[in-house]
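S.K.:
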Amino acid sequence: MASAFCFADELGPFKLIHIWRQSVGLKAIVAIDNIACGPAIGGVRMAPDVSAEEAFRLARAMTLKNAAAGLPHGGGKSVIFGDPKMPRAQKERLIRAFAGAIADLINYIPGPDMGTDELAMGWIKDENGRSVGLPREVGGIPLDEIGATGFGLVAAIEVTAAQIGMPLAGARVVIQGFGSVGKHAARLLDEKGARLVGASDTRGTIVDDNGLDVAALIALKERERPLHDHPGGKKLDQDGIIDIPCDIWIPAARPDVINAGNVARLSTRLVAQGANIPCTAEAEAALAHRGVMVLPDFIANAGGVICAAIEYQGGTESAAFATIDEKIRDNTRAVLQAVQQTGVLPRAAALALAKRRIERAMRTRRWEHAI
Ligand code: NAD
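So in the numbering used here the end of the sequence shown lands on 371, straight run, no missing numbers.
#1: Where does ALA319 fall in DSSP's three states?
#2: At a cut-off of 6 Å, is PHE178 close to the ligand NAD when judged by its beta-carbon and the heavy atoms of the ligand?
#3: Assuming the contact rule is C-beta atoms closer than 8 Å, LEU119 and GLY133 should be a hit. Round their C-beta distance to whole Å, please.
#4: Could you give the DSSP three-state label for MET293: helix, strand or coil?
#5: Considering only C-alpha positions, which residue in the set ASP229, ARG45, ALA36 and LEU71 is nearest to CYS307?
#6: Is ASN259 near the ligand NAD, going by C-beta to nearest heavy atom under 6 Å?
#7: Taking the alpha-carbon positions, what's the ALA156 to ILE109 distance?
#8: So within the region 65-145, which uninterrupted alpha helix (DSSP H) runs reach at least 4 residues, ignoring any that extend past its ends?
#9: When we look at the beta-carbon of GLU10 and count the other beta-carbons within 10 Å, is it buried (16 or more) or exposed?
#10: Note down the Cα distance separating ARG219 from LEU188, rounded to an integer number of angstroms.
#11: Quick one: does the C-beta of ARG347 sit closer than 6 Å to a heavy atom of the ligand NAD?
#12: What is the C-beta distance between LEU295 and THR268, in whole angstroms, given that I count them as a contact (C-beta under 8 Å)?
#13: Does the Cβ of ALA61 lie closer than 6 Å to at least one heavy atom of the ligand ZN?
#14: Buried or exposed: which applies to ILE242, given that a residue is buried once 16 or more other Cβ atoms fall within 10 Å of its Cβ?
#15: Any beta carbon of chain B sitting closer than 7 Å to that of PRO226?
#16: Which runs of the alpha helix (DSSP H), 4 residues or longer, sit entirely within the region 212-255?
#17: In angstroms with no decimal places, state the Cα-to-Cα distance between ASP297 and GLY314.
#18: When you compare only the Cα positions, how much space is there between VAL292 and ARG225?
#19: Taking 6 Å as the cut-off, does the CB of GLY274 come closer than this to any heavy atom belonging to the ligand NAD?
#20: When you compare only the Cα positions, how much space is there between ILE164 and LEU336?
This is how it looks when you write it as structure tokens:
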């Protein structure tokens, strides 16, 4: 087996723990990357094909996202090997066993991720007293239901649009992925007078240059129906979403959807990254070269984790919205200013901002300071 120290660098990982409980078939990995800013917050992902590398990379992304958002939290992530669609009793046993196994990892606060939900976070809290993304009844703020990430994304878009001289009223918007992030972004941009001209889900793309009926599309998704069931608009395949000319293109689905092979097809002024790592590094560089502004994921989509941090502090839903608004607007302004002053790519500016905060926090810690 390759040594886990292959991931080690100046930031972490602080701990990488493998968990095996034969009696319940629990196989899990917890990566606590960096805790200089505070206890790590990061999701619990359940999937059959996860790995230590995935846990570490996701934990590092959380270190940067939490620091960039100015939260008193470091980054962590855990993965549980298993099919999330397993029978509920089996899943509850596994998650409860996982919660017991991490009870002494007091520097890690689990949250929901792919394959886990607020009920699972309730089981974890019940076992070890520590999780975020809880059901409302036990002090949670349902971040997907209220659209915390979409709300923050639209705040970042508003700041950027003002900076690049693009009025939101009448701006043409295209959204890939019409789930928790995509549909709330669509709703809020619609309220600001923007026009949704294209949207997609796993079944395909719907396009209408005169503007799609956002409320009708959301109602469709709430009935778990595909966007193609909407009577209006032209229907394209899933990939067609990339070719729709627009002012704001929002990836809100999978990683690496814009890459060297398709970046030339994108015709837009602003890419606002709702999804995590939706563009490859080459694609981001190509977009910058063409004068397209790209708002990096860990600045623009931090609304969810900010909401989780407020929940952890016992704050309210309205405090969560106010904090998301303030932090994301401030960070977006800081990144845009650095881009303007130094000519670096927005991602490099965002990374520098996050790392500055982590390094400052590390200086306060006895064993964390590099020098
Ligand atoms: P979700 O499961 O609620 O929605 C995803 C949507 O994308 C679904 O409508 C699905 O049909 C669609 N989709 C999947 N693959 C697609 C494809 N190839 N083309 C078009 N549509 C596709 O998920 P979500 O919570 O909205 O998360 C979306 C993305 O945003 C993910 O990358 C997630 O990691 C990221 N993100 C989410 C949050 C959050 O608070 N939910 C926070 C930060 C980042």
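Note that CB positions come from ideal geometry on N, CA and C, so glycine has one too.
M.R.: So, to answer that:
#1: helix
#2: yes
#3: Actually they are not in contact, since the Cβ atoms of LEU119 and GLY133 sit about 10 Å apart, beyond 8 Å.
#4: strand
#5: LEU71
#6: no
#7: 27 Å
#8: 88-101 and 118-128
#9: exposed
#10: One detail in the question is off: residue 219 reads as Ala in this sequence, not Arg. If I take the Cα positions, the gap works out to 15 Å.
#11: no
#12: With a Cβ gap of about 12 Å, LEU295 and THR268 do not count as contacting.
#13: By its list of ligands, the structure shown excludes the ligand ZN, since it contains just the ligand NAD.
#14: buried
#15: Although the question refers to chain B, the structure presented lacks it and comprises just one protein chain.
#16: 214-222
#17: 26 Å
#18: 33 Å
#19: yes
#20: 10 Å
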